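Undergrad:
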Amino acid sequence: MNQAAVPPSPGASRERRILTGASLLILLGSFAYTQSNPALLLSPEALRAIGSFAAAFFPPDLNRDFLSSSLGPVIETVQLATAGVALAILVGFPMALLAAGNFHLGGALFEGDPEPSPAVRRLRAAPYWLSRLLLNFMRSIPELIWALIFVRAVGLGPLAGILALGVAYAGILGKVFAEIMESADLRPALALRAAGASRPKVILYGIIPPIFRQFLSYALYRWECAMRAAAIMGFVGAGGLGQHIEIAMRMFEHRQTATLILELALLVAAADFISSRLRRKLA
Amino acid sequence: MNLAFELNGVSKRFRRAGGGWTEALQGVDLEIRPGEAVAIIGPSGAGKTTLMRLLNLSLRPDEGALRVDGTDPTSLSQSGLRKLRARTATVYQQHHLIPALRVVHNILAGRLSVWSLAGAVLSLFSPRETALAAWAAGEVGILEKLWERTDRLSGGQQQRVAIARALVQNPRHLLADEPVASVDPSLADAIVGLLRRVCAGDGKTLVVNLHDVPLALRHFGRIVGVRDGRVRFDLPVEEVDSGLLVSLYEGDEELTSDVRQWFQEIFQTGQPGLPR
Chain A
1271 MNQAAVPPSP GASRERRILT GASLLILLGS FAYTQSNPAL LLSPEALRAI
1321 GSFAAAFFPP DLNRDFLSSS LGPVIETVQL ATAGVALAIL VGFPMALLAA
1371 GNFHLGGALF EGDPEPSPAV RRLRAAPYWL SRLLLNFMRS IPELIWALIF
1421 VRAVGLGPLA GILALGVAYA GILGKVFAEI MESADLRPAL ALRAAGASRP
1471 KVILYGIIPP IFRQFLSYAL YRWECAMRAA AIMGFVGAGG LGQHIEIAMR
1521 MFEHRQTATL ILELALLVAA ADFISSRLRR KLA
Chain B
1029 MNLAFELNGV SKRFRRAGGG WTEALQGVDL EIRPGEAVAI IGPSGAGKTT
1079 LMRLLNLSLR PDEGALRVDG TDPTSLSQSG LRKLRARTAT VYQQHHLIPA
1129 LRVVHNILAG RLSVWSLAGA VLSLFSPRET ALAAWAAGEV GILEKLWERT
1179 DRLSGGQQQR VAIARALVQN PRHLLADEPV ASVDPSLADA IVGLLRRVCA
1229 GDGKTLVVNL HDVPLALRHF GRIVGVRDGR VRFDLPVEEV DSGLLVSLYE
1279 GDEELTSDVR QWFQEIFQTG QPGLPR
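Which chain is which? The protein sequence lines are A and B, in order. Position one of the first sequence corresponds to residue 1271 (this note's numbering), numbered consecutively onward. Position one of the second sequence corresponds to residue 1029 (this note's numbering), numbered consecutively onward.
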């Protein structure tokens, strides 16, 4: 066997050792601070309680009447997710156009143009900063909170869910779309600019078509996520499967709850499958 | 009559990634008359592409004066500058078409400076001025590819799309930056010939950057040699001799087998218009 002298390993750096130690401390500290003791879960009485609770869910209620009555909420969940993402695209895409720095702040798309006065430069940057700020705000509030707000504003039901998904996901899509546009290959756009096209036309032809599939692909991924989010939002009365799961749980209809949860799992799996198939086609 | 392009003492520098500056062009004087056909040759890194980007008003000189059709672009408003840019069409090496769009849209993109924004949007769904696009596609010999996606075309065919786009722009001046770098030699000759023909037809100015020296000498009456950001010679093709060419390329790391082969080709053929 060939052998060679091993150069001495420098070992982990000082910073890394400190970081590792600090992370461990924080982890242990959080358990202690929240007074959660994982071992309690394994005590005999806890195991018995868990067991009898779980047993109440079996077998799932497969009564034909119940199944057909639960079909409505399943469809409503799909509609909620789809309408929510559609709204998010309608709101998020124009905002992304404003939030893409390379369209407003300077750089290759401005080279050779007359030097703007400081006032003009600030005026140009204003929509950029405003849309960034708004997108951050929309994104940093979770869709569940948006749902709570919209349930108060427009009442119980799917409309509140659509608005909540629309706003929260517009924040996410807007930011991601803007980042895709900022990292786009500028060469096709620069060629159009050199031929005398104005900036909106340069963006329309030179930037958006080449990355359109990336937009679609990401929006599809978000549609998949929206399906799960739609189910959760039902718990605050924003329509869909979640609302029915919540009602069944509150009525102690555990076997119906089990059926609804299974339906939700199937729905999410189906959405995953469809979206990943479509996205592979787009890639 | 105004000169098509006029450069007086033009310099352009770029910030280098690692810090410091690269002098891309230094004190360049160049005058090109309307309707003239000029080839610019020189090793890579000589500043040929920077020169093109100055001529098509994508860049401004750091020093010196640049005029296009007698107009100083720095005196223009944004829209005036766009109008002046629209007079010059540029064909690039590659990667400057929109790969995801059909050929017809890539050709019609040459009309963007004329179309309204609404018209440009609508055309993406239902192409307008298709007869014009078909004429240009026919001129460059790719009519049957009009409705194909552009990224399905070969390098040579894509270069023809770029020329067709320049045609529908109906410019006074046509620039081409290494238009044949990505196509094979026989095709390269055809494409440079095509550029010459479409410009000679109605008196368009043609300025072409060429890496391929024999090609430049075969097709152009005026040769400008650029090296290290400076114009080394600017002569009628008959006065370009092997000594000038060797000094243009010598000592350069890019003086690879390619360049040696060109010299052999040049020195062995006794055709008129080739240096001795």
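For every residue, glycine included, the Cβ atom is placed at its ideal position computed from N, Cα and C. From a predicted model like this one, the values you see are computed outputs, not experimental measurements.
#1: According to the neighbour-count rule (16 or more other Cβ atoms, all chains shown, within 10 Å of its Cβ), is Ile1191/B buried or exposed?
#2: At a CB-CB cut-off below 8 Å, which residues of chain A make contact with Val1149/B?
#3: With 16 other CB atoms within 10 Å as the buried threshold, where does Asp1240/B fall?
#4: Taking 9 Å as the CB-CB limit, is Pro1207/B close to chain A?
#5: Within this structure, are the beta carbons of His1123/B and Arg1457/A separated by less than 9 Å?
#6: Cutting at 6 Å between CB atoms, please list the residues of its own chain near Val1276/A, excluding the five before and the five after it.
#7: How close, in whole Å, do the beta carbons of Gly1431/A and Gly1509/A come, if the pair is a contact with beta carbons under 8 Å?
#8: Roughly how many angstroms separate the alpha carbons of Leu1262/A and Val1390/A, rounded to a whole number?
#9: With C-beta atoms as the reference, is Met1503/A less than 9 Å away from Val1348/A?
#10: Could you round the C-beta distance between Val1142/B and Leu1082/B to whole angstroms and report it? I think they count as a contact, below 8 Å.
#11: Since His1201/B meets chain A, which of its residues come closer than 8 Å, beta carbon to beta carbon?
#12: At 7 Å on the CB atoms, spell out the chain A contacts of Ser1141/B, in chain order.
#13: By the 8 Å beta-carbon criterion, what residues does the segment 1366-1389 of chain A contribute toward chain B?
#14: Please classify Ile1288/A: is it buried, with 16 or more other beta-carbons within 10 angstroms of its beta-carbon, or exposed?
#15: Return the Cβ separation of Gln1106/B and Asp1455/A in integer angstroms, given the expectation that the two are a contact with Cβ distance under 8 Å.
#16: Asp1542/A CB to nearest chain B CB: under 9 Å?
#17: Does Asp1331/A get closer than 9 Å to chain B when you measure Cβ to Cβ?
#18: On the three-state DSSP scale, how would you describe Ile1069/B?
#19: Fully enclosed by the segment 1202-1286 of chain B, which beta strand (DSSP E) runs are 3 residues long or longer?
#20: Only counting the same chain, and skipping five residues up and downstream in sequence, which positions put a Cβ closer than 8 Å to that of Gly1301/B?
#21: Could you run through the segment 1484-1505 of chain A and flag, in chain order, every residue whose CB is less than 7 Å away from some CB of chain B?
#22: Could you give the first and the last residue of the continuous beta strand (DSSP E) run that contains Ala1467/A?
#23: Less than 9 Å between CB atoms is the rule here; does Asn1084/B satisfy it with respect to chain C?
#24: Look at the alpha carbon of His1374/A and the alpha carbon of Ala1395/A, and state the distance between them as a whole number of angstroms.
#25: Among the candidates Leu1403/A, Leu1379/A, Leu1337/A, Gln1513/A, whose CA atom is the shortest distance from the CA of Ala1440/A?
#26: Is the CB of Arg1394/A under 9 Å away from at least one CB in chain B?
#27: Helix, strand or coil: how does DSSP classify Trp1049/B here?
#28: For Gly1070/B and Ile1060/B, what's the separation of their Cα atoms in angstroms?
#29: DSSP three-state call for Val1096/B: helix, strand or coil?
#30: Measure the C-alpha to C-alpha separation of Arg1224/B and Leu1234/B and round it to an integer number of angstroms.
#31: Consider the Cβ of Lys1445/A: report whether some Cβ of chain B lies at a distance smaller than 9 Å.
#32: From Trp1493/A to Val1421/A, what distance separates their C-alpha atoms?
#33: Taking the Cβ atom as the reference point for each residue, do Arg1260/B and Ala1067/B lie within a distance shorter than 9 Å?
#34: Could you tell me the alpha carbon to alpha carbon distance between Thr1306/B and Thr1352/A, rounded to whole angstroms?
#35: Lys1471/A versus chain B: which residues are under 7 Å apart at the beta carbon?
#36: Taking contact to mean at least 3 C-beta pairs separated by less than 8 Å, is the segment 1210-1219 of chain B in contact with the segment 1153-1160 of chain B?
TA: Concretely, from the data shown:
#1: buried
#2: Leu1474
#3: buried
#4: no
#5: yes
#6: none
#7: 5 Å
#8: Shown here, chain A extends from 1271 to 1553; a query on residue 1262/A therefore has no answer.
#9: no
#10: About 24 Å separates the two Cβ atoms, so there is no contact after all.
#11: The contacting residues do not exist; His1201/B stays about 12 Å from chain A at best.
#12: Ala1465, Gly1466, Ala1467
#13: Glu1381, Gly1382, Asp1383, Pro1384
#14: exposed
#15: That belief does not hold up - the Cβ atoms of Gln1106/B and Asp1455/A are roughly 24 Å apart, past 8 Å.
#16: no
#17: no
#18: strand
#19: 1233-1237, 1250-1255, 1258-1264
#20: Only weak support exists for where Gly1301/B lies, its pLDDT of 46 falling under 50; the coordinates are left without a value.
#21: none
#22: Where Ala1467/A is concerned, there is no enclosing beta strand (DSSP E), given that its DSSP letter is neither H nor E.
#23: Considering every chain present, this structure includes no chain C. Its protein chains are A and B.
#24: 6 Å
#25: Leu1403/A
#26: no
#27: strand
#28: 18 Å
#29: strand
#30: 7 Å
#31: no
#32: 21 Å
#33: no
#34: Since the first residue of chain B shown is 1029 and the last is 1304, residue 1306/B is not available in this structure.
#35: Leu1140, Leu1145, Ala1148
#36: no
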